[in-house]
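Undergrad:
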Amino acid sequence: MISVDNLAVEFSGQTLFSDVSFTINADDKIALMGKNGAGKSTMMKIIAGVQKATRGNVRTPKDAIIAYLPQHLLTEDDTTVFEEASKAFRHVFEMRDEMDHLNKQLETRTDYESDEYMKIIERVSDLGETYYALEDVNYDAEVEKALKGLGFRQTDFSRQTNEFSGGYRMRIELAKILLQKPDLILLDEPTNHIDIESVIWLEDFLVNKANAVVVISHDRAFIDTITNRTIEVTMGRIYDYKAKYTHYLQLREDRRVHQIKAYQEQQKFIADNQTFIDRFKGTYSKTNQVTSRERMLEKLQIIEIDDVDTSALKLRFPPTQRSGDYPVTVKDVSKSYGNHAVFKNANMSIARGEKVCFVGRNGEGKSTMIKAILGQIDVDGTCDLGHNVKVGYFAQNQAALLDEDVTIFQTVDDVAKGDVRTQIKNILGRFMFKGDEIDKKVGLLSGGEKTRLAMVKLLLEPVNLLILDEPTNHLDLKSKDVLKEALQNFDGTLVLVSHDRDFLQGLSKKVFEFKEQRVIEHFETIDDFLIRNRVESLKGLDL
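All residue numbers for the sequence shown refer to the UniProt record's numbering, where the first residue is 1 and numbers rise by one.
1) So glutamate 10 and threonine 54 are supposed to be a Cβ contact under 8 Å. How far apart are they, rounded?
2) Just the C-alpha distance for threonine 310 and leucine 32, rounded to the nearest angstrom, thanks.
3) Name the DSSP beta bridge partners of aspartate 240, please?
4) Label threonine 161 either buried or exposed according to how many other C-beta atoms from any shown protein chain fall within 10 Å of its C-beta, with 16 as the threshold for buried.
5) Classify valine 257: buried if its beta carbon has 16 or more other beta carbons within 10 angstroms, exposed otherwise.
6) Buried or exposed: glutamate 364, going by 16 or more other Cβ atoms within 10 Å of its Cβ?
7) For the segment 211-229 against the segment 81-98, do three or more pairs of beta-carbon atoms, one drawn from each stretch, fall closer than 8 Å, so that the two count as touching?
8) Quick check on the burial criterion: 16 or more other C-beta atoms within 10 angstroms. Buried or exposed for serine 12?
9) Would you give the residue range spanned by the alpha helix (DSSP H) that glycine 151 belongs to?
10) Inspect the CB distances between the segment 264-280 and the segment 238-247 and report whether three or more fall short of 8 Å.
11) Mapping the DSSP letters down to three states, classify glycine 492 as helix, strand or coil.
12) Give the DSSP-derived three-state secondary structure of leucine 102 in the structure shown.
13) Mapping DSSP to helix, strand and coil, what is aspartate 527?
14) Hey, how far is the Cα of glutamate 94 from the Cα of tyrosine 139?
15) Does the contact criterion of 3 or more C-beta pairs under 8 Å hold for the segment 348-359 versus the segment 325-336?
16) Considering only DSSP beta bridges, list what glycine 128 is partnered with.
17) Along the chain, where does the alpha helix (DSSP H) containing lysine 366 start, and where does it finish?
18) What does isoleucine 30 pair with, by DSSP beta-bridge criteria?
19) If we count the other Cβ atoms within 10 Å of its Cβ and call it buried at 16 or more, is isoleucine 260 buried or exposed?
20) Please report the residue range of the beta strand (DSSP E) in which valine 342 lies.
21) Can you tell which of Val342, Gly429, Ile427, Gly418 has its C-alpha closest to the C-alpha of lysine 371?
22) Which first and last residues belong to the beta strand (DSSP E) in which alanine 48 is found?
23) Roughly how many whole angstroms lie between the Cα atoms of serine 21 and phenylalanine 409?
24) Quick one: what does DSSP say threonine 320 is sitting in, helix, strand or coil?
25) Within a Cβ cutoff of 6 Å, which residues of the same chain sit near arginine 532, ignoring the five residues on either side of it in sequence?
26) For the beta strand (DSSP E) that alanine 416 lies in, which residues bound it at each end?
27) Tell me whether methionine 1 sits in a helix, a strand or coil according to DSSP, three-state version.
28) By Cβ distance below 6 Å, which residues in the same chain neighbour glutamate 84 in space, the five residues on each side in sequence not counted?
29) Apart from the five residues on each side of it in sequence, which residues of its chain come closer than 7 Å, Cβ to Cβ, to tyrosine 117?
Rendered as structure tokens:
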């Protein structure tokens, strides 16, 4: 059991949270929830031991292993994928190497009665007792299983880590964490860079094989699947629910209803007493009563109502001209890079107003197909955009395309049209840009902030074909709900690449699956597709 005792964090006189206490038991799967800026990541870093609290401490059992996956990390560049993942067992290999080294010394030394000789024997004995007590594990096989589960191919194992994107390097670090079988796994947005099949593999691992887990995630389906407890960080304190996320939302709403009722009753109580004080202050016969009530009000702890975003902003895409009957047509398209074929003889027709999603493992060609449709790469075959098609495209690197010399407000104001210009501050606020932040230069924003700003900008452009490649990374649940509602009401054509199943629900009735150099059309929702493929996918991922 890990105990968090009276934690407090203060920055420049501002209190992020205070007097936070809870325990993490061996079988807990905890979702750490709260608004951006509430202190979730800070609290996780303190538990991980990478940041110190202003006050309080975290108590862990001796020899407990705590593994932490932050949102952003740097991995070494001088190793292969397999070598880097194998570092999960470095302590075992180092123990074995030390025993071999010491045993060789014992074979050559002749000072059998010396203190140093006896120390070596004692060290070898201690190491052997620990080493041979370890479970008999085929370490190479475990590394291979984890890497394949997280989307790596056998041919990737010998490649250098610096050949991979940041997302794939995050997966290597995740593989190392899972292989260590720690007592507590801390995960900060783990699904941002992995595809649906890898998310499914991760879910099953965390539910069936992991010990305690604490996760921060904006993937509603993911946290509902893996967690059995929700800790909400809000207004400097926590609320602890023995419930999954969806049930927690109901309990939180019940709590807020009771808070409002108690607050209203307290305000009436205060008003009544203040009326009495104002009426009889200076009246000699009532002096003691007045003084007593004044002291009581001074000591009264005012009930606070949790800060919940109740704004009713409805974001809609601006109207645009009608496109042709088939905005996207792909005929016998093939694409290869050298000897590697991404897909062969792919065909698809996407009708006006249709909403479709591309799914499949990373590297199977989803983003490549998007680039082919947009004419950004050369392919064999034909990709045609229909008559009068106006494309809005959100790429995975969309943030890098923003003008870093203008402010957040100017970025949105440049594309906003008509009445929506009067709502710019509200729109930015819904996407977590509030107050004076909107005057900040884009170049000063983090990668996640730039991603959110790029999404706001796209939402305001008049287009009739939207192509979105992983648009929900770095968006919180509220922002994703705003985006999803806007897409549901969008009367144009939508092509969506996403691993966020909850986000995809209700958005698409056709799935294009990218698999083994093929593009397969399925006339079904993402839920139907996943239900039909889940068992087969999990077997293929070799759990």
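The beta-carbon is built from N, C-alpha and C at its ideal position, and this holds for glycine as well.
TA: Result, derived from the coordinates:
1) Along the sequence shown, read from residue 1 onward, the residue named residue 10 stands at position 10. Along the sequence shown, read from residue 1 onward, the residue named residue 54 stands at position 54. 5 Å between Cβ atoms; contact.
2) Taking the sequence shown and counting its residues from 1, one reaches residue 310 at position 310. Taking the sequence shown and counting its residues from 1, one reaches residue 32 at position 32. The predicted position of threonine 310 is uncertain, since its pLDDT is 47 and thus under 50; a value taken from the coordinates is nonetheless stated next. Those two C-alpha atoms are separated by around 21 Å.
3) As a first step, residue 240 is located in the sequence shown; it is residue number 240 there, counting from the start. As DSSP reads the structure, aspartate 240 sits in a beta bridge with Ile231.
4) Within the sequence shown, numbered from 1, the residue matching residue 161 stands at position 161. It is buried - the Cβ of threonine 161 has at least 16 other Cβ atoms within 10 Å.
5) Taking the first residue of the sequence shown as 1, we reach residue 257 at position 257. Label assigned to valine 257: exposed.
6) Sequence index remark: in the sequence shown, residue 364 carries index 364 (1-based). By the neighbour-count rule (16 or more Cβ atoms within 10 Å), glutamate 364 is buried.
7) no
8) Residue mapping note: residue 12 aligns to position 12 of the sequence shown, counting from 1. So serine 12 counts as exposed.
9) Counting from one through the sequence shown, the residue named residue 151 turns up at place 151. No alpha helix (DSSP H) contains glycine 151, which DSSP labels as neither H nor E.
10) no
11) One-based indexing of the sequence shown puts residue 492 at position 492. In the structure shown, glycine 492 sits in coil (DSSP, three-state: anything other than H, G, I, E or B).
12) For the purposes of this step, residue 102 is identified with residue 102 of the sequence shown, where counting begins at 1. Three-state result, leucine 102: helix.
13) In the sequence shown, the residue the question calls residue 527 occupies position 527. Aspartate 527: helix per DSSP, three-state reduction.
14) Locating residue 94 in the sequence shown gives position 94, where the first residue counts as 1. Locating residue 139 in the sequence shown gives position 139, where the first residue counts as 1. Taking the straight line joining both Cα atoms gives about 14 Å.
15) In short, these stretches touch, since the Cβ pair count reaches three.
16) The residue given as residue 128 occupies position 128 in the sequence shown. Partner(s): none; glycine 128 has no beta bridge.
17) To locate residue 366, count along the sequence shown from 1; it is residue 366. Its alpha helix (DSSP H) spans residues 366-373.
18) Start at 1 with the first residue of the sequence shown, and residue 30 comes out as number 30. Looking at the DSSP assignment, isoleucine 30 forms a beta bridge with Val214, Arg229.
19) Against the sequence shown, residue 260 aligns to sequence position 260. In summary, isoleucine 260 is exposed, with fewer than 16 beta-carbon neighbours lying within 10 Å of its beta-carbon over all protein chains present.
20) Within the sequence shown, the letter at position 342 stands for residue 342. Under the DSSP assignment, valine 342 falls in the beta strand (DSSP E) whose first and last residues are 340-350.
21) The residue labelled residue 371 in the question sits at position 371 within the sequence shown. Residue Val342 is the option with its Cα nearest to lysine 371.
22) Locating residue 48 in the sequence shown gives position 48, where the first residue counts as 1. First-last for alanine 48: 40-48, but that is the alpha helix (DSSP H), not the beta strand (DSSP E).
23) As a first step, residue 21 is located in the sequence shown; it is residue number 21 there, counting from the start. As a first step, residue 409 is located in the sequence shown; it is residue number 409 there, counting from the start. Going from the Cα of serine 21 to the Cα of phenylalanine 409 covers about 40 Å.
24) Sequence index remark: in the sequence shown, residue 320 carries index 320 (1-based). Residue state, collapsed to three classes: coil.
25) For the purposes of this step, residue 532 is identified with residue 532 of the sequence shown, where counting begins at 1. Cβ neighbours of arginine 532 beyond the five flanking positions: none.
26) Position 416 of the sequence shown holds residue 416. In the DSSP annotation of this structure, alanine 416 is not part of any beta strand (DSSP E), being labelled neither H nor E.
27) Start at 1 with the first residue of the sequence shown, and residue 1 comes out as number 1. DSSP places methionine 1 in coil when its eight states are reduced to three.
28) Your numbering for residue 84 matches position 84 in the sequence shown. Excluding the 5 residues flanking it on each side, glutamate 84 has same chain C-beta neighbours closer than 6 Å at Thr161, Ile172, in chain order.
29) The sequence position of residue 117 within the sequence shown is 117, counting from 1. These residues qualify, in order along the chain: Arg109, Asp111.
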